[in-house]
Amino acid sequence: MTQKTPTIHPSLSVADKVILLTGAYGLIGLTLAQAFLQQGALVVLADRDERKQAGIRAELATEYSDNQFLLRNLDITQEESCEEAIRSTVQKFGRLDVLINSAAIDAKFDKSHAAEINPSRFEHYPAELLRQSVDVNLTGTVLMTQAACRQMLTQGGGNIINVASTYSLVAPNQGLYDFGDGVKQFKPVDYIASKSFIPNFTRYVATFYARDGIRCNAIVPHGVLNDHDPDFLENFAKLSPLGRMCDREELIGPFTFLASNASSYMTGSVLTVDGGWTAW
Ligand SMILES: NC(=O)c1ccc[n+]([C@@H]2O[C@H](COP(=O)([O-])OP(=O)(O)OC[C@H]3O[C@@H](n4cnc5c(N)ncnc54)[C@H](O)[C@@H]3O)[C@@H](O)[C@H]2O)c1
């Protein structure tokens, strides 16, 4: 008997799918955009950080044709901007198969971002920062999803993937941010407040549109490695069942699965990719 060449199951393919990523110039967004391009998807990278656009465009152009990707300025807190991102996606690629809501404000503890974090304890945390995060992470995600749903209803279906966080599911263990140097740091409440809504919003959209061919699921990443201090890595390793942070490449498989037809019977699901963080 001749041996058949092993192939990846066709349902896992995202080739020719039109995928719009918000927050596409960020750590996770750009990793995913490049991975989807590599797999033959047609990708729209949308983000509000205009400074990065030219560099990313030049980098992508060395590997992919202009027909395969589009870069868009997008501010998800502005309805017209969301509408415009969808309009230009449809203008270029004819439809929108997958929306990935990755844009967010997130206080990060890697070396280049730690200094930006407001050090206030909860009882003194500024309301203004809370409002900013809610505006982007909550209201912005809703506005972008509304604009995508209007298009998906017109074309007869679509697929939405929300990016949640372990802090959408559990409280931060503030011990992670205590490096024993007498300087107390905290994961702030604005992130927790604004990301907690993602799982239930995912279920809301999933059930609202289940009979319209629009699926909606969420992914829960946690602790993506990005030039963190050894002290942080040590704390993280102690608290994580897998004993380490997530390599950004480890998110590609789960996102590809949800973006592909392999997940066609999934809607309203929250897929944790957290090294077991929420398992104990
Ligand atoms: N990095 C992690 O460890 C981690 C862990 C869990 C969850 N997440 C979630 O993953 C998603 C992506 O995280 P990341 O690490 O890539 O973050 P990031 O900060 O690297 O990227 C976020 C991107 O969103 C963009 N953005 C912010 N506000 C915007 C707006 N109003 N309109 C359009 N774009 C806007 C920023 O310009 C940035 O490019 C976020 O939703 C975050 O909450 C990240």
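For what it's worth, UniProt numbering labels the leading residue of the sequence shown as 1, then goes sequentially. A virtual CB, placed ideally from N, CA and C, is assigned to each residue, including glycine.
Item: With H, G and I counted as helix, E and B as strand and the rest as coil, what does DSSP make of residue 41?; Value: coil
Item: State the CB to CB distance for the pair residue 53 and residue 70, rounded to an integer number of angstroms; the pair is presumed to be in contact (CB under 8 Å).; Value: With 8 Å as the limit, residue 53 and residue 70 do not qualify as a contact, their Cβ atoms being about 11 Å apart.
Item: Quick one: what does DSSP say residue 10 is sitting in, helix, strand or coil?; Value: helix
Item: Check whether the Cβ of residue 216 sits closer than 8 Å to any heavy atom of ligand 1, and report yes or no.; Value: no
Item: Just the C-alpha distance for residue 160 and residue 271, rounded to the nearest angstrom, thanks.; Value: 13 Å
Item: Does the Cβ of residue 181 have 16 or more other Cβ atoms within 10 Å, making it buried, or fewer, making it exposed?; Value: exposed
Item: At a cut-off of 8 Å, is residue 105 close to ligand 1 when judged by its beta-carbon and the heavy atoms of the ligand?; Value: yes
Item: Could you pull the start and end residues of the alpha helix (DSSP H) that residue 189 belongs to?; Value: 189 to 195
Item: Measuring alpha carbon to alpha carbon, tell me which of 34, 17, 12 and 15 ends up nearest residue 24.; Value: 34
Item: Considering just the uninterrupted stretch of the alpha helix (DSSP H) at residue 87, what are its terminal residues?; Value: 79 to 93
Item: Which same chain residues, not among the five before or five after residue 66, have their C-beta less than 6 Å away from its C-beta?; Value: none
Item: Got a sec? Which residues, its chain only, sit under 8 Å from residue 73 by beta carbon, not counting five neighbours each side?; Value: 46, 47, 48, 50, 53 and 81
Item: Select from 150, 102 and 247 the residue whose C-alpha is nearest the C-alpha of residue 83.; Value: 150
Item: If you drop the 5 nearest sequence neighbours on each side, which residues of the same chain put their C-beta closer than 6 Å to that of residue 64?; Value: 37
Item: Could you check the C-alpha separation between residue 198 and residue 238 for me, to the nearest Å?; Value: 27 Å
Item: Does the distance from the CB of residue 190 to the CB of residue 265 come in under 9 Å?; Value: no
Item: Exposed or buried, which one is residue 122 when buried takes at least 16 other CB atoms within 10 Å?; Value: exposed
Item: Report the residue from 228, 209, 117 and 253 whose alpha carbon sits nearest the alpha carbon of residue 184.; Value: 117
Item: Which of the three DSSP states, helix, strand or coil, is assigned to residue 158?; Value: strand
Item: What residue range does the alpha helix (DSSP H) around residue 282 cover?; Value: Outside the shown range of the chain, which is 1 to 280, sits residue 282, and nothing can be said about it.
Item: Count the other CB atoms within 10 Å of the CB of residue 16; is the residue buried (16 or more) or exposed (fewer)?; Value: exposed
Item: Can residue 101 and residue 176 be called in contact, C-beta distance under 9 Å?; Value: no
Item: Straight-line CA distance for residue 113 to residue 107?; Value: 8 Å
Item: Just reading off the alpha helix (DSSP H) that residue 57 is part of, what are its end residues?; Value: 53 to 61
Item: Write down the C-beta distance between residue 275 and residue 244 rounded to the nearest angstrom, noting that I regard them as a contact closer than 8 Å.; Value: 7 Å
Item: Please determine whether the Cβ atom of residue 328 lies at a distance below 8 Å from any heavy atom of ligand 1.; Value: What is shown of the chain runs 1 to 280, which leaves residue 328 out entirely.
Item: State the Cα-Cα distance for the pair residue 135 and residue 242, rounded to the nearest angstrom.; Value: 34 Å
Item: CA-CA distance, residue 208 and residue 147?; Value: 15 Å
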